[in-house]
Structures are given as C-alpha cells and as structure tokens.
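Report on the structure given below.
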Amino acid sequence: MSRIISRTIFFIFGVIVFWVILAGTVYASPALPVERMVLSNGLIVLVSEEHSLPFVTMRLLMEAGSRFDPPGEEGLAYITARGLLLGTSRVSAREINESVDFMGASLNVSPDKDYVTAGLRVLRKDLDRGFGLLAETLMRPIFPEDELKREIQTTLGSIRSEEDDPGAVAEKAFEKHLFSGNPYGHPVEGTSESLPRITRESVVRFYKEHYFPNKAILVVAGDITPVLETWQRGKERSETFPTLAGATGTDTDSKIVRIDRPITQANIIIGNKGISRGNPDFYTLAVMNYILGGGGFSSRLMQEVRGKRGLAYSVSSEFETHKYPGSFQIVLQTKNASAQEAMSIGFREMERIRNELVTEEEIEGAKKYLTGSFPMRLDTQAKVANFLTQVEYYGLGLDYPLKYPSLIASVTREDVLRVARAYLQPKGCLVVIVANPGQTGLDSPKPE
Amino acid sequence: MSGLQGDAALSDQVYEATLPNGLKIILLENHKAPIATFQVWYRVGSRNETCGKSGLSHMLEHMMFKGTKGVSGETFTRIIEEAGGNNNAFTSKDYTAYFESMSADQIHVAIELEADRMHNLLLRARDFETERMVVMEERRLRTDDDPQTCLDEQLTATAFHIHPYRWPVIGWMQDLKALSLEDLTEYYRTYYNPANAIVIAAGDFKKTEMLTKIEKAFGSIPRGPSPNQTKPLEDPQSGERRIRMNREVQLPFVLMGYHVPNLRTPDSYVLEVISAILAQGRSSRLYENLVRERSVAQSTNAEHDLVSRDPSLFLISAEPLPGKDVTEVEKALDHEIRQLWEKPVPSEELEKAKNQLEAAFVFSQDSLVHQVMVLAQFEVAWDWRKIDEYVPRIRAVTPDDITRVAKQYLVPENRTVGILVPVMPGAGKGVPADTSVGKSTVR
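Residue numbers (my numbering), protein chains in the order written: chain A, 1 to 448; chain B, 1001 to 1443.
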C-alpha cells in the first residue's frame, strides 16, 4: 500500500511553516492552533498540530449525507458511504480490512443527514500507509456488486434489530413525523422498503454526483495533503431545501404518535421544529436549553422529573441542529404508569420558561458552565478533529474558540425568554410515545 | 513501545504516596491541555455485596449526590457547574468511582467536595425513597427493556454459583425494593474510608502542589475500618450449562461465557490476544467468517476483562442475520473456537492482533479521564505498576500459547451458553418467521 504515497512521513509535524508560505490562508487561535488552506481542487484542509502522542487522527467530511437521497431510494447516501470501504480498483475489501487491522488503525465512515465523515486514526509510524488507504477508498471505490448486496443485507438486519430498542424506535418515529416530506425525515440508513431498491448503478451515480474535493473538508494533525490534490474537482451545484411550516402544521393541537411495545418503560419524545446551525439565536438557545434540560444534573427537567420525583433516570432536552432547521426534543424514559405525569412536567417546564424570566443564578450558572467547560471540548485529538470539521462546515470561523465566550456572555435573561417563546411550542408540538399501552393508562394522551 | 509520552515507561511518570490514614494517592502530570481530572475510587462494588442486597454499591453511589452536613446536593452540582466542570460517577462489580474534570486552575473545588463527601454524607429517608425510584428506572432502561443485556444477566447468574459476580451491578429489582437506609448507612461506614480509597488525578498541575492540596483536604479524615476484601473463588465448572430466554424480540442472540483468570495469571494476556484475533476489526475471524464470508451474522463480539479483580468470564456473542438459524450461528462460533485449539495461529495474524492491542493502548492515552481510569482499574485489580507489563506481555504471546490457553479455558465443559429466543406476543413458544414490528397509531 505504501506505493500509493511515495512521500515520507517524517516531516509531517515539522513543515507547518512551509505550508504557511505555500497556502497563504492561515489563522492560528491561541486556544487552538490551526492552519487552514485551500488546495487547487477546492479541498479545504485544516491542520492542527499535536505532538504529545505518537498518533494522528483525521476526519474527512463530504457533503453527501442522506438529505441528498432520491425519493424511493432512502439509504443510498448511507450505502454509498459504506461502499467506500468495500474495495477499489487496486485493493479489495478484504485487503483494506487486513491492512487497517495490521496497523492497529481504525478507518470508518459515518453517514449523517447533511454529510458523511470518513475517520482515520493511525500510529504516526503508519501514517503514510493509513492515509494512502483513506485517499484510495475515497478516490477510487468500485462498489463491487456482491459486497454492496451484503452491506444492504446487514443494514436490513440492523434495522430489524433496532426494532427492539425503544429509544431508537421513538427517535425514528419523531423524525418521520416532524420532518414529514422533508429530506431530514427518513432514517440515514434507509428503510426496509427502500434498501432493496438500491442498485449498484444508483450507488455509482450517487458517488459521481456527490464526492468531490470542492465539497469536502479534511481535518488532520500533520502535512499529508498532496495526494488529494489529484482528486478531480466537481461542478458547483445549487440546492433547494423545502422548509417546514411548523412542527405539525399551523394548528395549536399537538400531534401524538403512539407505538406499542411489550416493555416496562414509556419512551417519550416531546418536540418541535428546531433551528439551523447558522441561526444567530444558536447561542441564546444554548443558554436557554442548558437551563431547561441540557445541563445535566442541574437542569430544570432533571430537577423536576428525576431529583424531586424519581420518575426517570435520564431526562434531557436538545436542539439538534443541521445545515437546515433541525429539531427541538425533550427525551425521557419512565415506567409506563408514570408516562402522563412525566409528560405533564415536560409541558409545564416548556411553558414556565416561556412565561417567566429565568433567575440570575440560573443564567450565571449556565454561562459559567458553557464558557468554563469549553477547553474540555478540545482535549483529545478526536474531539479537535470533530470540532474543526464542524467549524469549517458551518462557517463558524477559526477564531470561534476566542469568540465563543463573548457570544455566551452577552446573553441576557430577556434574551432567554424571547428565544423560549420563539422556539418552544408546547401547544403545537409532536409527541412520540413508545410504551406498553396496557400500563400507561393514556387514553387521551394530550398535553395539559 | 510502552510509553505514554515518548519512550519513558508510564510508571516513571506516575507519582504515588500514601497518607498516614491509609489513603493512597496516584498523580500523573499531563500538560497537553489546561485541564485536570480528579477522581476518588472506592474499593467497593457488587462483589462486596451479600445475597439479597444486590445493587447496594450502586445505590450508595446515587446517594453520594444527595448532600452532606455542609454542602447540599444542589450546592454540590452548582459549584461544579460554575467551575465549568463535568462530573459523574460509576459503579462496577469491583469499584465505585467519582470524578470531576475541569480547568486545572479550578480543580481545588473538586478536591474539597470529594473530601467532604467521603465522611460527611447525609443519608436521609426521603432522598433514599426518591433515588431508589431513579435506580429502578435505570434498571428498566438499561436491562429490563434491553433483551441482550437481560440475557447477559441471566448467563452470568448461571455461570457463577458462589462468587458475588453472579448478581448484576444494578441489582435485582426485588433486592432494590428491599434495601433499607440502614443497609446504606452500614455500607457507607464500612467502605467509604481513606484506607479503602484511592485518590487519583491527572492533568495540568504540579504534583507537589496537588499533593499538598489533597493532604490538606483528606489528611484529617479518620482511617476507618479496613474491610475484608477476600471473596470465595468459584469451583471449577464441570460441564456445559445452557439457558434459553424467551422474549418478544425481532432477532435471536447467542452469548457464551467461559470462566477465565484475570491479570494475576499470565494466561490472561493470551486471552487478550485471542479476543483480538476473534473480534477486533473487520478482518477479525468472527467478522470475516460469520458476517462477511458466510453471511450468517450481522454482528459478532468477544470480550475479555483483563482487569477484573477476581476471575470472570470471557464472552463471545453473535447476532444472526434475519432468517438465519441461531443454531447455525452457534455452530459457526464453535467452529472458530475449535480452530484455535487445532491450528496454530499464523504468525502474520498474530502480529496483527498484537499491533491492534498495542495501538489501542496508545490511542487510549488521548483522553485524560481514560488514562486515569486505566491506572485505577489496574490498581483495583492488582497494582497500577502492572500497566507497564501490558505491551511486553502481549508481545511475548506465541502461537503455542494460544493453542494451549484455548484448549485449557475455551472448552464446552467450562462454559455457559445463553440463547435469546424470539416468541410471538403473549406466547411462550415458537419462533415467528416474520414478526410484526408492533402497531403504530397516529392521533
């Protein structure tokens, strides 16, 4: 494999200054030293040096996620991404697997709604070979028919297996109904109906349409980019994305989805339409959500549902953001008999934070935590690589670690009230309950 | 390659001290990022519980967040939060651990809070009643509604007859119902003492300064009793045990557990290599043969607990693909085990497994919290210095070792097999060919 890259790896950690001269585009934040460059084929490369441990972590993000699945072929982006590791014109799937394992490395692809990330972690001594494999799988996949068939079978099996995971069942139902008719609505891995329709031809077509360096971001600790300069640039494309009218339409009734399972707990999701990552209210919502249900032990939902009443082990709220608007969700599990009570508390807390200013103590606690814990979001190579791909993909700017504290510090109690009113819809939300119907006593499951 | 940073052995970078009250302190400077992790590990877990009191260790872990004479539970959480810290706790069969991670310049906050709750915990009836409900919800979430975990629990209870590893860390539901505040009070008094604890910290600090802070906070806590930590060993198993668990599930699952030694026996390092040969990576034997080549399973796994304090189980499992017979999958697993007895592992394959284990060991040093956890697990199981032996002992494993160890431990007489059997709703028998996934209604 080392033929693929004939370069030595030894100067990887020593030539950053060299890159500065070559590439020109540089930014280095004291909080997180990082160099940014754009190759002639449009590939954006971020390099963050880290010398204390003898290995390298990389993430390559391609804008080729499940939102690009053609209707009827849900799961195509997923199978295409998984297919990258199933063989190239030079190496078979088995050879790839053997090679990765022999280095003790990991090479994985993670398909998501907006994008696919390929991740590589490899010892420094094997970097040449490891990166060669990553580049090879990315640039020259051949998607063998039998390998694709097996991948689809395994995916169908895991979809079946997930039916026994009530949390996953609830999440799928929530997204299906919230994003109804929107490319975020179907599971990334497709469905048992759509997967059998996926052919090798559609996978090859999807790859040709979506895998280009000018739609990709590479984050790496080290200098190993030249091999990807031979990756051919693709055409610029425009995209229209359907917007959601609201959580459930425009009425004020909540929509309730019930799924019956012979289980001991009701798995409940209460939520509504969310925001895109680029929404300027993102930071105010981070503070608001921390107080409501994002802040671990100290959040209101945790205190009310778990701390005071012992109704759940886990209860949390989250704004899941994408390139286009995502979701707001309160997620909890409670014994079937407590389902109504726990849901009522969820609704009550949504109303409370929409109607009353949060306390000084709450907002100060949230702000201190969010800013004070920031360094821990960057304390491993994997976290740095993930963080930087997000920073680049969402255009947050490489000075983001410097800006973040002031973005949080400027949030006021009035701002929190405003965003709670704007983005929480207790009267028109979507409720998914996966539970044992005989035990919940939920005849008319309506919010208060 | 045994280094944490560069080529120095890990033990060269770790500093150990013991206070007069018996508290062991382990410190590791790491200046990679301006953060630190502070952890207190108590040598108490489900192995210290008695029959009928399962779940007591974990229940007490929950109660440790309910406040002391001087600091309420809410205040505890707020202090950590305002310091920008993350905190959590976890209980295993061998230990209960508490940790805080935060900016290194704030870490004194964690030291004081942990010292306080080591000897000033308030155990109140009302808190206990509420928190027991939380623990029951945790059991429902993680075990009762997760069929594969249920099978694992049943298998473990079948494999062990004498040793307390036979009951689950979270505890049986009936035992949780019967626990009392007196049980907790007695347990706290017995096990939450300096002499039964390890304070372990890593991060961006100077060890002399850190030691001074720890001495100041913990030094005056009375030594307390030294609990008896000896547990009865399991008699050798004298024949295969089998269990079946019927559930309304989509897919069957097969799990096998073999009694094996821990790191006090050199064979355990051979088992570590065997687990990599069987199940680490996409070229491993189980994945290559069962998932890819024969397409009978959609996932496979092998697990070996090297740092178990007492001997535990080597686990192998597979989840069949839809439509595949679980018996066929079990036979395929058997075949892979037999191969280990019969054919020496090719040198290239052995080298691959060693590379994987060594690389994983290096990668694991990326996270400060993980670094500390590994040190503490070795310490609880035997001695943290044994971490330096890990890579050399793995490197020394030969094909003959693998054949010998597989023949000694991975044999039917020494195992328990558990099968998860899908049944129709309400029925106690029969395997539906195509189970309905349950009805979905929209209102």
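Cβ atoms here follow ideal geometry from the backbone N, Cα and C, with glycine treated the same way.
- At a cut-off of 8 Å between beta-carbon atoms, A/G346 makes no contact with chain B.
- Annotated three-state conformation of A/E63 is coil, per DSSP.
- If you look at A/Q333, you'll find it in the beta strand (DSSP E) that goes S327 to K335.
- If the five residues before and after A/Q232 are omitted, its C-beta is found closer than 8 Å to the C-beta atoms of N41, F212 and P213, all from its own chain and listed in chain order.
- For the stretch 1314–1374 of chain B, the continuous alpha helix (DSSP H) assignments of 4+ residues that do not extend past its boundaries occur at 1326–1342 and 1347–1363, in sequence order.
- Of the candidates A/R306, A/I269, A/F374 and A/L388, A/I269 places its Cα closest to the Cα of A/P426.
- Excluding sequence positions up to five before and after A/G278, its CB lies within less than 8 Å of the CB of K323, Y394 and G395, all in the same chain and listed in chain order.
- Straight across, the Cα-Cα distance linking A/G72 with A/G83 is about 19 Å.
- Residues of the stretch 1073–1084 of chain B that bring their beta carbon within less than 7 Å of a beta carbon in chain A comprise T1077, R1078, E1081, E1082, A1083 and G1084, in sequence order.
- Relative to A/E209, the option among A/A81, A/T380 and A/T191 whose CA is nearest is A/A81.
- Per DSSP, B/Q1408 is one residue of the alpha helix (DSSP H) stretching across P1399 to Y1409.
- Per DSSP, A/K368 is not a residue of any beta strand (DSSP E); the alpha helix (DSSP H) it occupies stretches across E360 to G372.
- Within chain B, the residues whose beta carbon sits less than 7 Å from that of A/G365 are R1078, E1081 and E1082, listed in sequence order.
- Rounded to the nearest whole angstrom, the CA to CA distance from A/L378 to B/I1337 is 42 Å.
- Under the DSSP assignment, A/D260 falls in the beta strand (DSSP E) whose first and last residues are K255 to D260.
- Not flagged as an interface residue toward chain A: B/Q1371, since no C-beta distance is shorter than 8 Å.
- Not a single C-beta of chain A is nearer than 8 Å to the C-beta of B/F1205.
- According to the DSSP secondary-structure assignment, B/L1121 is paired through a beta bridge with B/T1068.
- In the structure shown, B/R1282 falls within a coil segment according to DSSP collapsed to helix, strand and coil.
- At least one CB atom of chain A sits nearer than 8 Å to the CB of B/I1035.
- Residue-level contact check: B/E1319 touches chain A, since one or more beta carbons of chain A fall below 8 Å from its beta carbon.
- Non-local C-beta neighbours of B/Q1154 in its own chain, meaning closer than 8 Å and more than five positions away in sequence, comprise I1243, M1245 and G1418, ordered along the chain.
- Distances from the alpha-carbon of A/G438 to those of A/T389, A/K335 and A/Y207 put A/K335 closest.
- Note: B/F1090 is bridge-paired with B/A1097 in the DSSP secondary-structure output.
- If you compare the alpha carbons of B/N1193, B/E1114, B/F1314 and B/V1421 with that of B/M1256, the shortest gap goes to B/F1314.
- By a beta-carbon distance limit of 8 Å, B/R1140 contacts A/T264. Their separation comes to about 4 Å.
- In terms of beta-carbon proximity, B/G1055 stays away from the interface with chain A, with every pair separated by 8 Å or more.
- Each of B/Y1165, B/R1241, B/E1303 and B/A1279 was checked against the Cα of B/S1268, and the nearest Cα belongs to B/E1303.
- Taking C-beta atoms as the reference points, B/E1114 and B/Y1098 count as a pair closer than 8 Å.
- The shortest C-alpha to C-alpha distance from B/S1317 to any of B/E1131, B/D1334 and B/P1346 is the one to B/D1334.
- Between the stretch 1131–1140 of chain B and the stretch 304–316 of chain A there are three or more C-beta pairs closer than 8 Å, enough to call the two in contact.
- At least one beta carbon of chain A lies nearer than 8 Å to the beta carbon of B/R1292.
- Exclusion of the five residues before and after B/Y1287 leaves A1279, G1281 and T1300 as the residues of its chain whose Cβ lies within less than 8 Å of its Cβ.
- Judged by beta-carbon spacing, A/R90 lies beyond the 8 Å limit of A/E163, meaning their Cβ atoms are not closer than that value.
- For A/K172, the closest C-alpha among the options A/I259, A/R124, A/S202 and A/E341 is that of A/I259.
- Interface flag for A/S48 against chain B is unset, since no Cβ pair is found closer than 8 Å.
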